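Novice:
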DNA sequence: ATCAAAATGTTATAACATAACGATCCAGTC
DNA sequence: GACTGGATCGTTATGTTATAACATTTTGAT
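Chains as they are written, first to last, in our numbering: chain A, 2 to 165; chain B, 2 to 165.
1. In or out: residue 54 of chain A buried (at least 16 other Cβ within 10 Å) or exposed?
2. Given a limit of 7 Å on CB to CB distance, which residues of the segment 124–144 of chain A reach chain B?
3. In or out: residue 139 of chain A buried (at least 16 other Cβ within 10 Å) or exposed?
4. In chain order, what residues of the same chain have a beta carbon less than 7 Å from the beta carbon of residue 102 of chain A, not counting five sequence neighbours either side?
5. Specify, as a first and last residue, the run of the beta strand (DSSP E) that residue 151 of chain A falls within.
6. In terms of residues, what are the limits of the alpha helix (DSSP H) holding residue 88 of chain A?
7. To the nearest angstrom, report how far apart residue 48 of chain B and residue 155 of chain A are at their CA atoms.
8. Should residue 50 of chain A and residue 118 of chain A be called a contact, given that it needs their Cβ atoms to be closer than 7 Å?
9. Counting only the same chain and skipping the five closest in sequence on each side, list residues whose C-beta sits under 6 Å from that of residue 123 of chain A.
10. Are any of the Cβ atoms in chain A nearer than 7 Å to that of residue 151 of chain B?
11. Quick check: the segment 122–136 of chain A against the segment 128–135 of chain B, are at least 3 beta-carbon pairs closer than 8 Å?
12. Give the straight-line distance between the Cα atoms of residue 61 of chain B and residue 34 of chain B, rounded to the nearest whole angstrom.
13. 7 Å is my cut-off, CB to CB: does residue 110 of chain B come that close to chain A?
14. What residues are listed by DSSP as bridge partners for residue 126 of chain B?
15. Just to confirm, is the Cβ distance from residue 56 of chain B to residue 73 of chain B under 7 Å?
16. How far does the alpha helix (DSSP H) with residue 51 of chain A in it reach, from first residue to last?
17. Less than 8 Å between the CB atoms is what I'm expecting for residue 149 of chain B and residue 143 of chain A, so what's the real figure, rounded?
18. Would you mind stating whether residue 45 of chain B and residue 87 of chain B have Cβ atoms separated by less than 7 Å?
19. Taking all protein chains shown into account, do 16 or more other C-beta atoms lie within 10 angstroms of the C-beta of residue 38 of chain B, making it buried, or fewer, making it exposed?
20. Would residue 165 of chain B be called buried (16 or more neighbouring beta carbons within 10 Å of its own) or exposed?
21. Give me the Cα-Cα distance between residue 65 of chain B and residue 106 of chain A, rounded to the nearest whole angstrom.
22. For residue 115 of chain A, count neighbouring C-beta atoms within 10 Å of its own C-beta (all shown protein chains included) and say buried if the count is 16 or more, exposed if not.
23. Three-state secondary structure (DSSP) at residue 73 of chain A?
24. Could you name the residues of the segment 70–86 of chain B whose beta carbon sits closer than 7 Å to any beta carbon of chain A, in the order they occur along the chain?
25. Looking at the structure shown, is residue 26 of chain A part of a helix, part of a strand, or coil, going by DSSP?
26. What is the rounded straight-line gap between the Cα of residue 29 of chain B and the Cα of residue 58 of chain B?
27. Pop quiz: residue 92 of chain A and residue 121 of chain A are said to be a contact at Cβ under 8 Å. What is the actual Cβ separation, rounded to whole angstroms?
28. Counting only the same chain and skipping the five closest in sequence on each side, list residues whose C-beta sits under 6 Å from that of residue 25 of chain B.
29. Using a Cβ-Cβ cut-off of 7 Å, state whether residue 65 of chain A counts as contacting chain B.
30. If you draw a straight line from the C-alpha of residue 147 of chain B to the C-alpha of residue 94 of chain B, how long is it?
31. What in chain A is Cβ-close to residue 147 of chain B, meaning under 7 Å?
32. How long is the line joining the alpha carbons of residue 163 of chain A and residue 40 of chain A, rounded to whole angstroms?
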């Protein structure tokens with residue numbers, strides 16, 4: 002029952018064969034609830050991190066009722082567990098995963114100017130992190146790698162404005 | 002007037018020649034206020050991320066008065082600006098920097114069990130991140146790299162308990 | 001139909017963070 | 001010594017993010 006959206010074009014995954022959210026749900030026998038589906042679709046459309054309270058405001062329209070914080074957080078928890086959504090720690094916000102896998106080392110580039118986020122997978126960073134962890138004797142659970150800055154679009158817009 | 006603490010032994014900095022907080026303050030003509038110094042010393046002693054409200058509770062003893070949230074956050078902001086303290090995003094907490102420099106790509110390993118955090122500098126991770134950013138045309142501002150898991154001490158303690 | 005599990009509703013509150021404005025402290029200068 | 005500008009701190013209030021605890025509804029299997 003997942004009328005989910007397509008994946009983004011995502012030049013950020015040159016080599017992978019990622020699954021769509023639909024495929025993931027089918028594969029895992031997942032049946033998203035109305036709230037879960039609404040949140041995932043909204044995040045997918047939006048393409049950038051959105052806070053839980055922002056989601057509450059936005060979904061008020063499409064669902065016709067006001068969701069409470071616990072409801073939203075529970076749905077987000079579920080979606081995170083399934084690897085369909087990731088929490089962006091530097092923004093206290095949530096974003097749909099471009100590649101709905103679990104247990105991967107995602108790297109997020111988040112634009113301070115337009116708020117857009119790009120998710121990449123970097124085997125090299127992952128390997129280096131694992132190497133450093135091994136040196137410390139540290140067993141890694143969760144990896145949080147978030148780079149804040151200015152995206153290519155905003156940079157060129159900046160340059161264009163400076164030129165005038 | 003900085004009666005600051007020594008640096009930690011820090012096997013995690015093999016090649017660097019890090020400065021102590023005292024040296025940094027002298028070098029920059031810094032004069033820490035009572036609040037700033039108390040916070041830095043406490044974080045230094047503690048060796049793990051502590052939240053702003055945790056700091057308020059802890060400093061109530063050494064300072065004799067109750068600090069308000071704005072006061073604590075202002076002092077933390079100053080210390081962060083000087084590179085003496087770092088914010089740990091996954092914990093909404095703050096930790097003293099092992100190497101009081103600015104503008105470096107620190108990597109934090111944070112133990113879920115004991116809460117301890119280890120700061121390393123990894124030129125390799127930094128280079129790889131820069132490489133990926135260049136690929137995307139992204140200009141990096143802040144780097145947040147936090148690895149959660151289990152530290153070596155807690156792992157061996159785990160193993161010991163399992164053995165009995 | 002009945003039951004168990006999952007999801008959601010409801011209320012309250014905890015935890016984290018900042019806005020706005022006034023008071024104080026302190027180094028440098030006249 | 002008095003003045004002054006800048007940094008720091010106090011105070012009050014409020015905004016933002018997140019969860020605890022418990023009731024109710026929905027869903028799917030038998």
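Don't be surprised by glycine CBs; every beta carbon is placed ideally from N, CA and C.
Remember, predicted model here, so these are calculated numbers, not experimental data.
Specialist: Inspection of the coordinates gives the following:
1. Counting C-beta atoms within 10 angstroms of its own C-beta, residue 54 of chain A has fewer than 16 neighbours from the protein chains shown and is therefore classed as exposed.
2. Listed by position, the residues of the segment 124–144 of chain A near chain B (Cβ gap below 7 Å) are 125, 126, 129, 130, 133, 134, 137, 138, 139, 140, 141, 142, 143, 144.
3. If you draw a 10 Å sphere on the C-beta of residue 139 of chain A, you find 16 or more other C-beta atoms in it, and that means buried.
4. If we look at residue 102 of chain A and ignore the five residues flanking it on each side, its Cβ neighbours are 84.
5. Per DSSP, residue 151 of chain A belongs to the beta strand (DSSP E) from 140–151.
6. Careful: residue 88 of chain A lies outside any alpha helix (DSSP H), inside the beta strand (DSSP E) at 86–89.
7. Answer to the nearest angstrom: the Cα atoms are 39 Å apart.
8. Cβ distance < 7 Å, so residue 50 of chain A and residue 118 of chain A count as in contact.
9. The answer, listed in chain order, is 108.
10. Cβ-Cβ to chain A under 7 Å: yes for residue 151 of chain B.
11. Yes, the segment 128–135 of chain B touches the segment 122–136 of chain A.
12. Between residue 61 of chain B and residue 34 of chain B, the alpha-carbon positions lie close to 16 Å from each other.
13. At least one CB atom of chain A sits nearer than 7 Å to the CB of residue 110 of chain B.
14. Partner(s): none; residue 126 of chain B has no beta bridge.
15. In this structure, residue 73 of chain B lies closer than 7 Å to residue 56 of chain B by Cβ.
16. Per DSSP, residue 51 of chain A belongs to no alpha helix (DSSP H) and is neither H nor E.
17. Yes, residue 149 of chain B and residue 143 of chain A are in contact; Cβ-Cβ is about 4 Å, under 8 Å.
18. The answer is no: Cβ separation not under 7 Å.
19. By the neighbour-count rule (16 or more Cβ atoms within 10 Å), residue 38 of chain B is buried.
20. With fewer than 16 other Cβ atoms from the protein chains shown falling within 10 Å of its own Cβ, residue 165 of chain B counts as exposed.
21. Between residue 65 of chain B and residue 106 of chain A, the C-alpha separation is close to 45 Å.
22. Counting Cβ neighbours within 10 Å, residue 115 of chain A comes out exposed, since fewer than 16 surround it.
23. Reduced to three states, the DSSP call for residue 73 of chain A is helix.
24. Considering only beta carbons, no part of the segment 70–86 of chain B lies closer than 7 Å to chain A.
25. If DSSP states are grouped into helix, strand and coil, residue 26 of chain A belongs with the helices.
26. C-alpha separation (whole angstroms): 30 Å.
27. No, residue 92 of chain A and residue 121 of chain A are not in contact; Cβ-Cβ is about 17 Å, not under 8 Å.
28. Taken in chain order, the residues that qualify are 101.
29. Residue-level contact check: residue 65 of chain A does not touch chain B, since none of the beta carbons of chain B fall below 7 Å from its beta carbon.
30. Using only the alpha carbons, I get a separation of about 12 Å.
31. Within chain A, the residues whose beta carbon sits less than 7 Å from that of residue 147 of chain B are 145, listed in sequence order.
32. Rounded to whole angstroms, residue 163 of chain A to residue 40 of chain A spans 38 Å at the Cα level.
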